[in-house]
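For reference, the structure discussed in these notes is given below.
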Amino acid sequence: GTFANFSTGRVYDQIRQSVAYSDKNVKICASHAGLTLGEDGATHQILEDIGLMKMLPGMTVINTCDYNQTKAATIAIAEHHGPVYLRFGRPVIPVFTDPDQKFEIGKAWMVNEGTDVTIIATGHMVWKAIEAGEKLAELGIDAEIINIHTIKPLDEEAVLKSVKKTGCVVTCEEHNKYGGLGESVARLLSTELPTPQEFVAVNDSFGESGTPDQLMTKYGLDSVNIVEAVQKVMKRASK
Numbered sequence: 329g330t331f332a333n334f335s336t337g338r339v340y341d342q343i344r345q346s347v348a349y350s351d352k353n354v355k356i357c358a359s360h361a362g363l364t365l366g367e368d369g370a371t372h373q374i375l376e377d378i379g380l381m382k383m384l385p386g387m388t389v390i391n392t393c394d395y396n397q398t399k400a401a402t403i404a405i406a407e408h409h410g411p412v413y414l415r416f417g418r419p420v421i422p423v424f425t426d427p428d429q430k431f432e433i434g435k436a437w438m439v440n441e442g443t444d445v446t447i448i449a450t451g452h453m454v455w456k457a458i459e460a461g462e463k464l465a466e467l468g469i470d471a472e473i474i475n476i477h478t479i480k481p482l483d484e485e486a487v488l489k490s491v492k493k494t495g496c497v498v499t500c501e502e503h504n505k506y507g508g509l510g511e512s513v514a515r516l517l518s519t520e521l522p523t524p525q526e527f528v529a530v531n532d533s534f535g536e537s538g539t540p541d542q543l544m545t546k547y548g549l550d551s552v553n554i555v556e557a558v559q560k561v562m563k564r565a566s567k
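Each residue of the sequence shown is one higher than the last, beginning at 329 in this note's numbering.
What follows is the structure, encoded as structure tokens:
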């Protein structure tokens with residue numbers, strides 16, 4: 329494993345030809361993904377890697393949210409036959425998942441059940457979604473929060489079940505809005521269950537230098553923006 333930028337973008341042709349096309353049992357473990365690499369800036373950050381990897385036929389794409397889940401995912405992919413892209417970040421973040429929780433590839437984890445809105449998050453944004461859920465509860469909004477650690481294959485059953493109940497959805501990811509988790513959810517809903525959706529993601533932009541917190545705030549990847557997106561999508565859903 330190495331920086332996500334270098335383990336995907338720099339060697340994409342080799343991954344496509346020698347790993348995915350050949351269906352090799354290769355695991356690509358990529359660290360320092362997203363904006364939170366921080367001060368090294370745009371040349372070392374990557375916000376396109378999920379899109380690059382999920383486009384490859386047969387490639388499993390996983391984006392973990394904390395230490396425990398990353399450890400469990402590493403064990404799971406070692407037991408899985410086929411190419412896998414495992415993405416994780418650099419900064420120290422709260423560890424909130426159960427260390428004994430079984431990691432099942434392609435199976436979403438329900439963080440919090442709710443009835444008013446579905447928040448679907450991946451990677452570092454799961455913790456931000458939890459923070460947003462607490463703020464929303466203070467506003468009387470009951471948010472259902474789902475941790476989508478496996479972006480491909482997407483747990484379509486979990487997404488549809490939740491959205492049928494709440495009637496609106498916000499997707500949250502530390503990635504470009506083009507090609508990421510939100511786009512996969514939108515594709516699913518557009519064909520199976522058209523639903524108001526808002527995206528909390530980077531808006532067609534490269535990163536820059538700064539501390540992780542500074543960058544997450546500047547690019548709208550924080551609990552404040554999730555709350556605003558929830559309020560916006562609930563307003564749309566009520567029309």
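Ideal placement from N, C-alpha and C gives every residue a C-beta, glycine not left out.
Practice task
Determine the burial state of residue 467: buried for a count of at least 16 other Cβ atoms within 10 Å of its Cβ, exposed for fewer.
Solution key: Stepping through the sequence shown from its first residue, residue 467 is reached at position 139. By the Cβ neighbour-count rule, residue 467 is exposed, with fewer than 16 other Cβ atoms within 10 Å of its own.
Exercise for the section: Determine the extent of the beta strand (DSSP E) in which residue 527 is found, giving its start and end residues. Expected result: For this step, residue 527 is matched to residue 199 along the sequence shown. Residues 525-530.
Practice task
Leaving aside the five residues before and after residue 340 along the sequence, list all residues of the same chain whose C-beta is less than 8 Å from its C-beta, in chain order.
Solution key: Locating residue 340 in the sequence shown gives position 12, counting from the first residue. Counting only Cβ-Cβ distances below 8 Å, and skipping sequence neighbours, we find 380.
Practice task
Have a look at residue 495 and residue 484 and give me their C-alpha separation to the nearest angstrom.
Solution key: What you label residue 495 is simply residue 167 of the sequence shown in a count that begins at 1. What you label residue 484 is simply residue 156 of the sequence shown in a count that begins at 1. Answer to the nearest angstrom: the Cα atoms are 16 Å apart.
Exercise for the section: Name the residue from 441, 447, 474 whose alpha carbon lies nearest to the alpha carbon of residue 435. Expected result: Position 107 of the sequence shown, counted from the start, is the residue given in the question as residue 435. Closest by alpha carbon: 474.
Practice task
With a cut-off of 8 Å on the beta carbons, I'd call residue 509 and residue 476 a contact; round off their distance for me.
Solution key: On the sequence shown, position 181 is the one that residue 509 refers to. On the sequence shown, position 148 is the one that residue 476 refers to. Taking C-beta atoms under 8 Å as the contact rule, residue 509 and residue 476 qualify, at a distance of about 6 Å.
Practice task
Counting only the same chain and skipping the five closest in sequence on each side, list residues whose C-beta sits under 8 Å from that of residue 533.
Solution key: Counting from 1 along the sequence shown, the entry for residue 533 is found at position 205. 375, 504, 547.
Practice task
Tell me whether the beta-carbon of residue 332 lies closer than 8 Å to the beta-carbon of residue 361.
Solution key: What you label residue 332 is simply residue 4 of the sequence shown in a count that begins at 1. What you label residue 361 is simply residue 33 of the sequence shown in a count that begins at 1. Annotated as proximal: residue 332 and residue 361, with beta-carbon spacing under 8 Å.
Exercise for the section: Measure how close the beta-carbons of residue 464 and residue 389 come, nearest whole angstrom, since I'm counting them as under 8 Å. Expected result: Translated into positions along the sequence shown, residue 464 becomes position 136. Translated into positions along the sequence shown, residue 389 becomes position 61. Not quite, the Cβ-Cβ distance comes to about 28 Å (not below 8 Å), so this is no contact.
Practice task
Measure the C-alpha to C-alpha separation of residue 538 and residue 417 and round it to an integer number of angstroms.
Solution key: The sequence position of residue 538 within the sequence shown is 210, counting from 1. The sequence position of residue 417 within the sequence shown is 89, counting from 1. About 15 Å.
Exercise for the section: Can you say whether residue 497 is buried or exposed, counting buried as having 16 or more other CB atoms within 10 angstroms of its CB? Expected result: Here the question's residue 497 lines up with position 169 in the sequence shown. Residue 497 should be labelled buried.
Exercise for the section: Can you give me the start and stop residues for the beta strand (DSSP E) that residue 358 sits inside? Expected result: If you number the sequence shown from 1, residue 358 lands on position 30. From DSSP, the beta strand (DSSP E) with residue 358 extends over 355-359.
Practice task
Give me the Cβ distance between residue 448 and residue 391, rounded to the nearest whole Å; I'm assuming they're in contact under 8 Å.
Solution key: Translated into positions along the sequence shown, residue 448 becomes position 120. Translated into positions along the sequence shown, residue 391 becomes position 63. Not confirmed; about 12 Å, so no contact.
Handout entry: Contiguous beta strand (DSSP E) assignments of at least 3 residues, all confined to the region 359-420
Key = Complete beta strand (DSSP E) runs here, min 3: 388-391, 412-415.
Problem - Endpoints, the beta strand (DSSP E) within which residue 450 is located - result: For the purposes of this step, residue 450 is identified with residue 122 of the sequence shown, where counting begins at 1. For residue 450, there is no enclosing beta strand (DSSP E), as DSSP marks it with neither H nor E.
Problem - Endpoints, the beta strand (DSSP E) within which residue 347 is located - result: In the sequence shown, residue 347 corresponds to position 19, counting from 1. Run containing residue 347: none; DSSP gives neither H nor E here.
Handout entry: Helix, strand or coil at residue 334 according to DSSP, with G and I counted as helix
Key = Counting from one through the sequence shown, the residue named residue 334 turns up at place 6. Reduced to three states, the DSSP call for residue 334 is helix.
Problem - Three-state class that DSSP yields for residue 493 in the structure shown - result: Locating residue 493 in the sequence shown gives position 165, where the first residue counts as 1. In this structure, DSSP gives residue 493 a helical state, which the three-state scheme calls helix.
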